[in-house]
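Numbering (this note's numbering), first residue to last: 1323 to 1675.
Written out as structure tokens, the structure is:
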């Protein structure tokens, strides 16, 4: 079901879907294909989709980035997109944007990453990095002492590459010297940018999860049409129908919420952090439930290693890790509810301008 109402976003979504469907690296572990894909996305302006034209981007906005993320998730492709695009977009809005870094992010020659649940970066773990992605990787973090800082990782600093279950890796960071630190914003201003970056990343990661849920739904529907049991296609049975309808309804609702949250972040709405927390929590639950229902419909065939749903699952797991635990997502929603800043505008007020 098409939930994107804006004509421009609908055209972008169709274009992204066709592009990823035709890519030779779809549902493969081809590292060269991943590198080519990242470079092509940079050439098409998709890595700078939320960056102003004056800084090398295409200035299409965060909802457009969300549409691309949806199709990335549907195709089980490219870890690191959400982090790099979110950080590039937020840095572009800062009082003194680092033009050289932002232009490289938009071009795809620099990938930005977030540290994952670490009070300090040295000796810790960086976020999701696309396998065989750009040669330059920068990790951004906020600390009270230093403000918002960038560490660009050279070969010595990267330490051990730890592959995940998808075409992504974690990087264990070692040998990080102070001279590699670049301060992007002081403590107070840096914290505001950091919070914006985290919320934007969660929304884009949520969009990728929703795309994965929609891909799982499409696989389950196709299988339910052809799998025969007791003389009928299994899609004729209510138990299967109800599972598929639940997947459709929740994935569509999660998509609308994630795009609404991205629109709020784009226009600095008062309830943007509340919406971002809700979008992340809902997308996390929706994606996992959709995958489990897809396995239920497929039965044993879904557990074959080379089956498409297995590749989707492997792409989803690192995204779930990057977003934090289910309890973390739920706690973020609860905190915004208690604060009294919950949904100050109706969901119907969303406009993609």
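Ideal Cβ positions, reconstructed from N, Cα and C, are used throughout, including at glycine.
In this text the structure is predicted, and so the values were computed from the model without any measurement.
Under the three-state reduction of DSSP output, residue 1564 falls in the helix class. In the DSSP secondary-structure assignment, residue 1504 is bridged to 1472. Taking 4 residues as the shortest admissible run, the segment 1374-1435 contains the following complete alpha helix (DSSP H) segments, listed from N- to C-terminal end: 1384-1396, 1403-1414 and 1421-1429.
Collapsing the DSSP output to three states places residue 1549 in coil. It is roughly 10 Å from the alpha-carbon of residue 1591 to the alpha-carbon of residue 1597. The beta-carbon separation of residue 1538 and residue 1631, rounded to 6 Å, stays under the 8 Å limit for a contact. The segment 1560-1639 is shown to contain whole alpha helix (DSSP H) runs of 4 or more residues at 1560-1588 and 1594-1620, in chain order. A direct Cα-to-Cα measurement between residue 1572 and residue 1395 gives close to 16 Å. If you draw a straight line from the Cα of residue 1406 to the Cα of residue 1650, it comes to about 22 Å. If you look at residue 1333, you'll find it in the alpha helix (DSSP H) that goes 1329-1344. A straight-line Cα-Cα distance of about 28 Å links residue 1334 and residue 1545. Taking the Cβ atoms as the reference, residue 1594 lies roughly 17 Å from residue 1645, outside the contact range of under 8 Å.
One Cα belongs to residue 1531, the other to residue 1640, and the distance between them is close to 10 Å. DSSP lists 1469 as the bridge partner or partners of residue 1465. Taking the CA atoms as reference points, residue 1519 sits about 31 Å from residue 1344. In this structure, residue 1616 lies away from residue 1511, with their beta-carbon atoms at least 8 Å apart.
With respect to the C-alpha of residue 1521, the residue from 1504, 1436 and 1399 having the closest C-alpha is 1436.
In the three-state scheme derived from DSSP, where H, G and I count as helix and E and B as strand, residue 1509 is classed as helix.
In the displayed model, residue 1558 falls within a helix according to three-state DSSP. Between residue 1367 and residue 1380, the CB-CB gap stays under 8 Å.
Between residue 1612 and residue 1527, the beta carbon gap of about 16 Å keeps them out of contact (Cβ cut-off 8 Å). Scanning its chain for C-beta atoms nearer than 8 Å, with the 5 sequence neighbours on each side dropped, one finds around residue 1342 the residues 1348, 1393, 1394, 1396, 1397 and 1399, in chain order. Residue environment: residue 1633 is assigned as buried (16 or more neighbouring CB atoms within 10 Å of its CB, all protein chains considered). Taken atom to atom, the span from the alpha-carbon of residue 1410 to that of residue 1340 is near 25 Å. Under the Cβ criterion (8 Å, minimum of three pairs), the segment 1367-1377 counts as touching the segment 1415-1434.
Taking 8 Å as the cut-off, the Cβ atoms of residue 1609 and residue 1529 do not count as close. Excluding five sequence positions before and after residue 1604, the CB atoms of its chain that fall closer than 7 Å to its own CB belong to 1576 and 1579, given in chain order. Counting of Cβ neighbours within 10 angstroms places residue 1563 among the exposed residues, the total staying below 16. In the three-state DSSP reduction, residue 1460 falls in the strand class (E or B). Between residue 1384 and residue 1515 the beta-carbon gap is near 15 Å, outside 8 Å, which marks them as no contact. Going by beta carbons, residue 1475 and residue 1459 fall inside the 8 Å limit. Around the CB of residue 1560, fewer than 16 other CB atoms lie within 10 Å, so the residue is classed as exposed. Sixteen is the threshold: since fewer than 16 other Cβ atoms of the shown chains lie within 10 Å of the Cβ of residue 1376, the residue is exposed. Excluding the 5 residues flanking it on each side, residue 1373 has same chain C-beta neighbours closer than 8 Å at 1379, 1380, 1381, 1410, 1411, 1414, 1424, 1427 and 1428, in chain order.
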